[in-house]
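Take a look at the structure below.
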Amino acid sequence: SSISPSLKTLGYAGAASSEMSDFSDFKRSYLLKPISEAAELPLKINNRMYHMCVAGYYETIDSLLVTSKYEGCGLPAMEAAAAGRLVLAAQAGSFDGSSGLLCRLPDEEFIIDAVSHLERCKDPVVYRDNCERAQQYAREHYDWDNVINKYVELLTSYE
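What follows is the structure, encoded as structure tokens:
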């Protein structure tokens, strides 16, 4: 997707909540409202969309919040970066900040970091620089043309 000109909306794509063996909500969608309110940015939530419609959803937001404590690969973060959207997340799963901006893991610190990043990114130049960096990283590390050989190598190594 083309990168939007400025930061005007926040998004969230994923389950509203989920529990692991310690019975705590590791998706932490309860962090969305305080971040949205403090940053004074509207929030568009997508937690039940058919996968073929997801690309259209990313075109309706300017930034994606990934509030999870634990992730596998973090597909929404990868998709949003590829769509040229600003991604804010904790270092969880494969997200290390290369395709977005890192927030510290504890709840209150996550909120503080997210709001601080969003305030800085209200400057259109800062916003676009971060989105371009994320999209370029996604192009180099997630695009099928750049990773297919790794999959072919993996699948043919069992012959």
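So for the sequence shown, the numbering used here puts the first residue at 1412; every next one is plus one.
Quick reminder that beta carbons are idealized off the backbone N, C-alpha and C, glycines included.
From a predicted model like this one, the values you see are computed outputs, not experimental measurements.
Neighbour-count burial assignment, residue i, 16 or more Cβ in a 10 Å radius
i, result
"Ser1448", "Here the sequence assigns Glu to residue 1448, which means Ser is not the residue at that position. Glu1448 is exposed by the Cβ-count criterion."
"Gln1502", "exposed"
"Pro1535", "exposed"
"Asp1524", "buried"
"Ala1466", "exposed"
Contact test: residue i Cβ vs the ligand ZN heavy atom, cutoff 7 Å
i, result
"Pro1487", "Looking at this structure, you won't find the ligand ZN or any other ligand, since it has none at all."
Cβ separation of residue i and residue j, assumed to be a contact under 8 Å, to the nearest whole Å
i, j, result
"Glu1530", "Phe1506", "21 Å between Cβ atoms; not a contact."
"Leu1443", "Leu1476", "6 Å"
"Ala1581", "Pro1487", "There is no way to answer for residue 1581, as the model of the chain reaches only from 1412 to 1570."
Cross-strand partners of residue i (DSSP beta bridge)
i, result
"Ser1474", "Leu1421, Leu1497"
"Asn1457", "Ala1424"
"Asp1554", "Beta-bridge pairing links Asp1554 to no other residue."
### Query
For the segment 1437–1451 against the segment 1490–1498, are there 3 or more C-beta pairs whose distance is under 8 Å?
no
(request) Report the residue ranges of all beta strand (DSSP E) runs contained in full by the segment 1489–1545; include only those spanning at least 3 residues, in chain order. (result) 1497–1500
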